[in-house]
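Every number in the working numbering is 12 more than the matching position in the sequence shown, counting from 1. Note that CB positions come from ideal geometry on N, CA and C, so glycine has one too. In this text, all values refer to a predicted model and were calculated from it rather than measured experimentally. Worksheet: one structure, shown below.
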Amino acid sequence: MKTRTRIILLLVVLLLLGGFFYYRFYFVFGEGAKAGTMNYFVKKGYLFKTYEGRLIQNGIRTQTQGTIASNEFMFSVTDEKVAQQLNNNAGSYLELHYKEYLHTLPWRGVSVFVVDSIISAKPLSPVTP
13 MKTRTRIILL
23 LVVLLLLGGF
33 FYYRFYFVFG
43 EGAKAGTMNY
53 FVKKGYLFKT
63 YEGRLIQNGI
73 RTQTQGTIAS
83 NEFMFSVTDE
93 KVAQQLNNNA
103 GSYLELHYKE
113 YLHTLPWRGV
123 SVFVVDSIIS
133 AKPLSPVTP
């Protein structure tokens, strides 16, 4: 009887730990779209090479006078096809779909925002002085 109780207790603890791990690292907390001009996009890392990028958003305003809001959207990319599309559209006005996780994983990138698709990409027209 003691052995059976220990096995059930062990299974419950393992199930709770598995649920906690899933919630912390794989649960999609939010998802949405961001638009702007890509500032940089690189593949980097020591052990796990991941794609990291920064999108500069237009029209960010603050609610109160005298405060500064960040207009940069830092993101990671896990899909090789999406990364290639982003490389091909450098300097374009992009609309990106992303998923937000609660915490990062080394093989998923350094950002909690993971871009999974490109909604649209429009080349910027050159400005003539």
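Practice item. Tell me G48's beta-bridge partners as DSSP assigns them. Key: In DSSP, G48 forms a bridge with L106.
Review point. For the beta strand (DSSP E) that contains G65, what are its first and last residues?
Key: Segment 62-68, the beta strand (DSSP E) holding G65.
Review point. What is the residue span of the beta strand (DSSP E) that V89 lies within?
Key: Its beta strand (DSSP E) spans residues 84-89.
Practice item. Check whether the stretch 100-113 touches the stretch 39-53, counting contact only when three or more Cβ pairs, one atom from each stretch, lie closer than 8 Å. Key: Yes, they touch.
Check your understanding: For Y113, which of K55, V127, G30 has the nearest alpha-carbon?
Key -> The alpha carbon of Y113 has as its nearest neighbour, out of K55, V127, G30, the alpha carbon of V127.
Exercise for review: Report the rounded CA-to-CA distance for G57 versus L28, giving the unit in angstroms.
Suggested key: Taking the straight line joining both Cα atoms gives about 32 Å.
Review point. Can you give the Cα-Cα distance for L67 and L117, rounded to whole angstroms?
Key: Rounded to whole angstroms, L67 to L117 spans 21 Å at the Cα level.
Check your understanding: For the stretch 92-103 against the stretch 48-55, are there 3 or more C-beta pairs whose distance is under 8 Å?
Key -> In short, these stretches touch, since the Cβ pair count reaches three.
Exercise for review: With a 10 Å radius around its C-beta and 16 neighbouring C-beta atoms as the bar for buried, classify V25 as buried or exposed.
Suggested key: Looking at its Cβ environment, which holds fewer than 16 other Cβ atoms inside 10 Å, V25 is exposed.
Point to revise | Buried/exposed call for F85, threshold 16 Cβ in 10 Å | key: Buried: at least 16 other Cβ atoms inside 10 Å.
Check your understanding: From G103, K14, V124, G48, pick the residue whose C-alpha is nearest to that of P135; which is it?
Key -> Each of G103, K14, V124, G48 was checked against the Cα of P135, and the nearest Cα belongs to G103.
Exercise for review: Specify, as a first and last residue, the run of the alpha helix (DSSP H) that F32 falls within.
Suggested key: Residues 14-37.
Check your understanding: Where do the N-terminal and C-terminal ends of the beta strand (DSSP E) with V94 fall, by residue?
Key -> Where V94 is concerned, there is no enclosing beta strand (DSSP E), although the alpha helix (DSSP H) it sits in stretches over 92-100.
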